[in-house]
Amino acid sequence: MTIIRTSNGTIIEHQMFLNTLAAQALTGIFVWSALLITCHQIYTHLRSYSVPNEQRYIIRILFIVPVYSFDSWLSLLFITNDQYYVYFDSIRDCYEAFVIYNFLSLSFEYLGGESAIMSEIRGKPIQSSCLYGTCCLGGMSYSIGFLRFCKQATLQFCVVKPIMAVITIVLQAYGKYHDGDFNINGGYLYISIIYNFSVSLSLYALFIFFFATSDLLRPFEPVLKFLTIKSVIFLSFWQGMVLAILERWGVIPNALFIDGHEVGAGTVAAGWQNFIICIEMFFAAIALKYAFTCTVYQEKKNEVPAENHPPMHSISSGLKETMNPGDMVQDAIHNFSPAYQQYTQQSTQEVVQPSTNGKVAAGNKSTRKSDKIMLITSDDEF
Numbered sequence: 274m275t276i277i278r279t280s281n282g283t284i285i286e287h288q289m290f291l292n293t294l295a296a297q298a299l300t301g302i303f304v305w306s307a308l309l310i311t312c313h314q315i316y317t318h319l320r321s322y323s324v325p326n327e328q329r330y331i332i333r334i335l336f337i338v339p340v341y342s343f344d345s346w347l348s349l350l351f352i353t354n355d356q357y358y359v360y361f362d363s364i365r366d367c368y369e370a371f372v373i374y375n376f377l378s379l380s381f382e383y384l385g386g387e388s389a390i391m392s393e394i395r396g397k398p399i400q401s402s403c404l405y406g407t408c409c410l411g412g413m414s415y416s417i418g419f420l421r422f423c424k425q426a427t428l429q430f431c432v433v434k435p436i437m438a439v440i441t442i443v444l445q446a447y448g449k450y451h452d453g454d455f456n457i458n459g460g461y462l463y464i465s466i467i468y469n470f471s472v473s474l475s476l477y478a479l480f481i482f483f484f485a486t487s488d489l490l491r492p493f494e495p496v497l498k499f500l501t502i503k504s505v506i507f508l509s510f511w512q513g514m515v516l517a518i519l520e521r522w523g524v525i526p527n528a529l530f531i532d533g534h535e536v537g538a539g540t541v542a543a544g545w546q547n548f549i550i551c552i553e554m555f556f557a558a559i560a561l562k563y564a565f566t567c568t569v570y571q572e573k574k575n576e577v578p579a580e581n582h583p584p585m586h587s588i589s590s591g592l593k594e595t596m597n598p599g600d601m602v603q604d605a606i607h608n609f610s611p612a613y614q615q616y617t618q619q620s621t622q623e624v625v626q627p628s629t630n631g632k633v634a635a636g637n638k639s640t641r642k643s644d645k646i647m648l649i650t651s652d653d654e655f
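Here the sequence shown is numbered in the working numbering, starting from 274 and rising by one per residue.
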């Protein structure tokens, strides 16, 4: 049973749905179904690991479903301990920053790298559009500084989010953090402001990059990819904030004890957030299955003789390579370096041209080679 405080301050005993076997079983069905769909998709990508420079980012993005769904389910199972869900949620939230970076990097890779992109958009005027958030950029033109801003805006979230997660855990331990508590003496208000600014900046960078390169990305069908990533990350944040506010206003009851365990403010709101995410991830898994299909890579694999198909140990090494964040660290050093305007990374490969059906053309043009540093002229424009 759950002891709750109603909106008028009355203390009553109530059976809360979130800690019932029915809620745990229902969310478990959705979670394990989502895991089955996504893990199978990840496996098919690893079996057809023919374009590592692209599939590395795709697999990282797909892992958002296991991370989000399983973490949320564990948080729901351990709802009676209000400290556990903070730890689980911190892992989940840190990974979302990683996903935003990888989605932008995948878009860069689709287009052949920074220099290939600049050869297409450099010097073109930025169209003023309130819808795409470029209304204040009228009269400016695209330059390498634009790409640098997009990368920096996503990378800053990869730094800010883990720092905020650690601060949240510390404040929780000292009783200074509770979801939905906007008291100026608590940490929730300030963390929410910083986090909201950081995630908005990173998604804005994705948005204007998509606006600038939409014609170039069209063969890669970016709309479903972009909308799915944006929905999972941005909507889940606002969803959690709305639930926290509803608990603060008394619309969602404030639990004091759950099954005899004392819990803090915001526990019920966080519980409903985790419950909803468990269900949403099933639909996200389906959307991601179509957004990041493995068909084109399977076709490329079929062009390789059967004796050259990757064995199981290659699958494990591919997974190990995928989860190595070293490229993100090097990219951060590159993009935040004071000498950035004097060089940029570019793949030595030819730019892969899409075929008429929107798939990557076959042949040696798609072969990935090692990266090199190419000198470019610095730009003063955005």
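Quick reminder that beta carbons are idealized off the backbone N, C-alpha and C, glycines included.
Val-496, buried or exposed, once every other Cβ within 10 Å from all chains shown has been counted against 16:
exposed
Exercise for review: Throw me the rounded Cβ distance for the Leu-377 and Lys-434 pair, which I believe falls under 8 angstroms.
Suggested key: Wrong, their Cβ atoms sit about 15 angstroms apart, outside the cutoff.
In the structure shown, what three-state DSSP assignment does Asn-575 receive?
Here Asn-575 sits in helix by DSSP.
**Prompt:** So Ile-502 packs on Tyr-341, CB below 8 angstroms; how close in whole Å?
**Reply:** For Ile-502 against Tyr-341, the beta-carbon gap comes to about 12 angstroms, at or over 8 angstroms, which does not count as contact.
*asked:* Measuring alpha carbon to alpha carbon, tell me which residue in Asn-527, Ile-332, Tyr-330 and Ile-364 is nearest Ser-345.
replied: Ile-364
Pull up the CB-CB distance for Ile-399 and Tyr-415, whole angstroms please, since I reckon it's below 8 angstroms. 6 angstroms
**Prompt:** Roughly how far, in whole angstroms, is the beta-carbon of Met-601 from the beta-carbon of Cys-431, given that I think they are within contact range, below 8 angstroms?
**Reply:** That belief holds up - the Cβ atoms of Met-601 and Cys-431 are roughly 7 angstroms apart, short of 8 angstroms.
#### Entry: Three-state secondary structure assigned by DSSP to Glu-494
coil
* Check whether the Cβ atoms of Val-505 and Ala-557 lie closer than 8 angstroms to each other. => yes
Answer with buried or exposed for Arg-491, where buried requires no fewer than 16 other C-beta atoms within 10 angstroms of its C-beta. exposed
Problem - For Ile-464 and Ala-517, the rounded distance between their alpha carbons - result: Taking the straight line joining both Cα atoms gives about 14 angstroms.
task: Answer yes or no: do Gly-544 and Leu-291 have a C-beta to C-beta separation smaller than 8 angstroms?
output: Contact: yes.
message: Per the DSSP calculation, Ser-414 is bridged to which residue(s)?
response: Pro-398
Where Asn-608 sits in the DSSP three-state scheme:
helix
Ser-392, buried or exposed, once every other Cβ within 10 Å from all chains shown has been counted against 16: So Ser-392 counts as exposed.
Q) Could you give the distance in angstroms between the alpha-carbon of Arg-421 and the alpha-carbon of Ile-481? A) 12 angstroms
Problem - From Ser-380, Phe-336 and Leu-294, residue whose alpha carbon lies closest to that of Leu-561 - result: Checking every option, the nearest Cα to that of Leu-561 belongs to Phe-336.
Legend entry - Cβ-Cβ separation, Pro-526 to Val-541 (assumed contact under 8 angstroms), whole Å: 6 angstroms
Considering only residues of the same chain and omitting the five flanking positions on each side of Ala-438, which have a CB-CB separation below 7 angstroms? Ser-363, Asp-366 and Cys-367
Notebook entry, point to check: Between Thr-566, Gly-591 and Phe-493, which lies nearest to Gln-314 when the distance is taken from Cα to Cα?
Noted result: Thr-566
- Message: Strictly under 8 angstroms for the Cβ-Cβ distance: is Ile-284 near chain C by that measure?
- Response: The structure shown has no chain C; it contains just one protein chain.
* Asked: Among residues of its own chain, excluding the 5 on either side of Glu-382, which ones have a beta-carbon nearer than 7 angstroms to its beta-carbon?
  -> Asn-326, Glu-327 and Tyr-330
Please classify Val-443 as buried or exposed, where buried requires at least 16 neighbouring CB atoms within 10 angstroms. Val-443 comes out exposed.
So, for Leu-310: in the same chain, excluding its five sequence neighbours on each side, which residues have a beta-carbon less than 7 angstroms away from its beta-carbon? The question names Leu, but residue 310 is Ile in the sequence shown. The answer, listed in chain order, is Ala-558, Ile-559 and Lys-562.
Can you tell me which of the three DSSP states Asn-469 falls into? helix
Q) From Asn-630 to Leu-500, what does the alpha carbon distance come to, in whole angstroms? A) Per-residue confidence for Asn-630 stands at a pLDDT of 41, beneath the threshold of 50, marking its modelled position as unreliable; the derived number appears in the next sentence. Between Asn-630 and Leu-500, the C-alpha separation is close to 21 angstroms.
Quiz item: Expressed to the nearest angstrom, what Euclidean distance is found between the alpha-carbon atoms of Ala-298 and Leu-349?
Solution: Their Cα atoms are separated by approximately 11 angstroms.
*In angstroms, rounded to a whole number, what distance separates the CA positions of Tyr-369 and Ile-334?*
The amino acid occupying residue 369 in the given sequence is Glu; Tyr does not appear at that position. Cα to Cα, Glu-369 sits roughly 9 angstroms from Ile-334.
Review point. If you draw a straight line from the alpha carbon of Pro-627 to that of Arg-395, how long is it in whole angstroms?
Key: Summary for Pro-627: the model assigns pLDDT 42, below 50, so the residue's position carries little reliability; its value from the coordinates is reported in the next sentence. Between Pro-627 and Arg-395, the C-alpha separation is close to 21 angstroms.
* To do: Check Met-596 in the structure and name its three-state DSSP category.
  => coil
Would you tell me roughly how many angstroms separate the C-alpha atoms of Tyr-468 and Asp-454, rounded to the nearest one?
15 angstroms
Item checked: Rounded separation between Val-324 and Trp-522 - CA only -> Answer to the nearest angstrom: the Cα atoms are 51 angstroms apart.
Legend entry - From Lys-397, Gly-539, Cys-312 and Cys-403, residue whose alpha carbon lies closest to that of Ile-352: Gly-539
**Request:** Specify the secondary structure class of Val-338 as computed by DSSP and reduced to three states.
**Result:** helix
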